[in-house]
Amino acid sequence: MQTTTTQSSKKSILAAVIGNALEWYDFLAFAFMTPIVAKLFFPNNPADPDNNINQILLTTAVFGVGFFMRPVGGIVLGLYGDRKGRKAAMVMVTGLMAVAIALITMAPTYAAVGILAPLFIVLARLLQGFAAGGEFGTSTALLIEMAPPGKRGFYGSWQMTGQMVALLLGAAAGTLITEIFTQQQLMDWAWRLPFAFGLLIVPVAIYIRRHVEEPEAFKQMKAAQATGQVRQATLGEMLRNHRRETLVGMGLVVTLTVSIYITFTYLTTFSTVTLKLPLRDTFLVQMASAVFMIVLMPLMGAWSDRIGRRPLMIGSLIGYLLVLYPAYAWLTAEPSITRLLVAQLAICVFVSVYFGVFSTVIAELFPANVRSLGMSLAYNIAVMIFGGFAQFIVTWLIRATGSPMAPAYYVMFGVTVGLIAAFFIRDRTHDASIQ
């Protein structure tokens, strides 16, 4: 992949990662605040006012609604990114996400407007889902295409590192407001603050993304299209010529999405509602996990440039499967914050390896003319099916079975799907022809 190695390009990549982190902070904030949002936007069961599991179910269902729009956003914004440029698409994504977060920040509660309150949240989540659908494909394409020869793994690892920065920021915001404000203040108005913090993406992310340089590989691809050597990206061409790559990519995304939405974002709800652990301490565990992965993932990406991505991916998935059940069984046997931290860090070792190589592997599946669209399609369809309602499914399973092990079973299923897909990867770590 031919790229520039100038200092300005490195700054552009850093800017793209920061913008991505701020983008995902907004998306994750809703998941982190689920226990509070549930009480404010959905009525409880009058027959059992102390049991808020139905409120949690409704809130996680609303969280999942936004995922229906992700494939639509992925197709529209992915095509836009392949035709008009990675930078233009990323700026548009950021603007749309900012509007969605502003709607959530100002949303009236159920006590104020009744049934209109959850409908307002649904509208915001649909817009948020559309915008998020275009984020992964366009920003990952830029990172990979900016990478110098032999460093695609390292550069690509910053995509998921950016998402872990978002996890850290979201958990930090949750910790801060639970430390500063009383429970009554949280319920009255302070719950809006994490979402309001996300509005910082308007001046910050748009500015830095407007100053991102377009990758040389994209410029070369557009020049080839102008001379008729390369065809312009279309959805039909993607489905005709890249079905295998799309299916393999979707399988890999299944592991990623169940990990993000169960192992990380659902952890807050699971720990406080099912395990009855303090919300503040759960946020601290989230922060520790995020810092651990932020350090480890770029190292794993760089390591994949040396030994190949396929062996690291397969090895991490096998380790993930082996550690998951014992970690959850040990945690749920005698729930405590110490056990939660140890179990989470043990799981994060293998998740870090997988996340560190994931983005580069997906990008290497597709040529430059359909890269943004191909990644967006594979990513968002899998996320919609297996990630969007993951929290709802797990919450329902816990209620139906009475077993707190339901999250482990669902994640094990997702990891198994990813492991099968990983065996079909054509390792292109040292393929210099990728552009």
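In terms of this note's numbering, the sequence shown opens at residue -16 and continues consecutively. The beta carbon of each residue, even a glycine, is placed where N, CA and C say it ideally should be. Computed from a predicted structure; not experimentally measured.
- Looking at Gly47, Val20 and Phe406, the one whose alpha-carbon comes closest to that of Gly234 is Phe406.
- For Leu183, there is no enclosing alpha helix (DSSP H), as DSSP marks it with neither H nor E.
- Measuring C-alpha to C-alpha distances from Ala326 to each of Ile345, Thr343 and Val306 identifies Val306 as the nearest.
- In this structure His194 is exposed. Its beta-carbon is surrounded by fewer than 16 other beta-carbon atoms within 10 angstroms.
- Residue state for Arg293 is assigned as helix, using DSSP reduced to three classes.
- In this structure Val231 does not touch Val366 by the C-beta definition: roughly 16 Å separates them, more than the 8 Å allowed.
- By the Cβ criterion, the segment 86 to 93 is not in contact with the segment 370 to 385, since fewer than three pairs of Cβ atoms, one from each stretch, lie closer than 8 Å.
- For Lys202, the uninterrupted alpha helix (DSSP H) run begins and ends at Glu199 to Ala209, by DSSP.
- The alpha helix (DSSP H) runs lying completely inside the segment 76 to 150 and spanning 4 residues or more are 93 to 96, 99 to 116 and 118 to 129, given in chain order.
- If only complete runs of 4 or more residues are kept, the segment 241 to 302 shows the alpha helix (DSSP H) at 262 to 290, in order along the chain.
- Per DSSP, Gly339 is one residue of the alpha helix (DSSP H) stretching across Ile320 to Glu347.
- Per DSSP, reduced to three states, the secondary structure at Pro390 is helical.
- When secondary structure is reduced to three states using DSSP, Ile381 falls in the helix class.
- Taking C-beta separations shorter than 7 Å and ignoring five residues to either side along the sequence, the partners of Phe253 in its chain run Pro390, following chain order.
- The beta carbons of Gly181 and Tyr8 sit closer together than 8 Å.
- In the displayed model, Pro18 falls within a helix according to three-state DSSP.
- For Asp171, the enclosing alpha helix (DSSP H) begins and ends at Gln166 to Asp171.
- Judged by DSSP secondary structure, Pro54 falls within the alpha helix (DSSP H) whose first and last residues are Arg53 to Lys67.
- Assigned with DSSP and collapsed to three states, Pro309 falls in helix.
- Between the segment 263 to 283 and the segment 115 to 128, the count of C-beta pairs closer than 8 Å stays below three; the two stretches do not touch.
- Between Leu11 and Thr210, the alpha-carbon positions lie close to 43 Å from each other.
- For Leu183, the CB contacts under 8 Å within the same chain, skipping 5 residues up- and downstream, are Leu5 in chain order.
- Straight-line spacing of the CA atoms in Pro318 and Ile301 works out to 26 Å.
- DSSP places Val213 outside both helix and strand once states are collapsed to three, so it counts as coil.
- Look at the beta carbons and you see the segment 211 to 231 touching the segment 348 to 363: at least three pairs across the two are nearer than 8 Å.
- When C-alpha distances from Lys67 are compared across Thr161, Pro18 and Met204, the shortest belongs to Met204.
- When only Cα atoms are considered, Leu258 and Thr17 end up about 16 Å apart.
- Note that the segment 126 to 140 touches the segment 281 to 289; at least 3 beta-carbon pairs, one per stretch, sit closer than 8 Å.
- Excluding its 5 nearest sequence neighbours in each direction, Ala107 has C-beta neighbours in its own chain below 6 Å: Ala83, Leu86 and Ile87, listed in chain order.
- Per DSSP, the unbroken alpha helix (DSSP H) holding Ala361 starts and ends at Arg354 to Ala365.
- For Arg223, the enclosing alpha helix (DSSP H) covers residues Leu218 to Asn224.
- Cβ atoms of Tyr244 and Gln374 come within 8 Å of each other, at about 6 Å.
- Under the three-state reduction of DSSP output, Val195 falls in the coil class, being neither helix nor strand.
- The residues Gly68 and Lys70, in chain order, have a CB closer than 6 Å to that of Glu197 in the same chain once the five nearest residues on each side in sequence are set aside.
- For the options Ser355, Met270, Thr321 and Ala100, the alpha carbon positioned closest to that of Leu159 is the one of Met270.
- For the pair Phe51 and Gly112, the Cα-to-Cα distance works out to about 7 Å.
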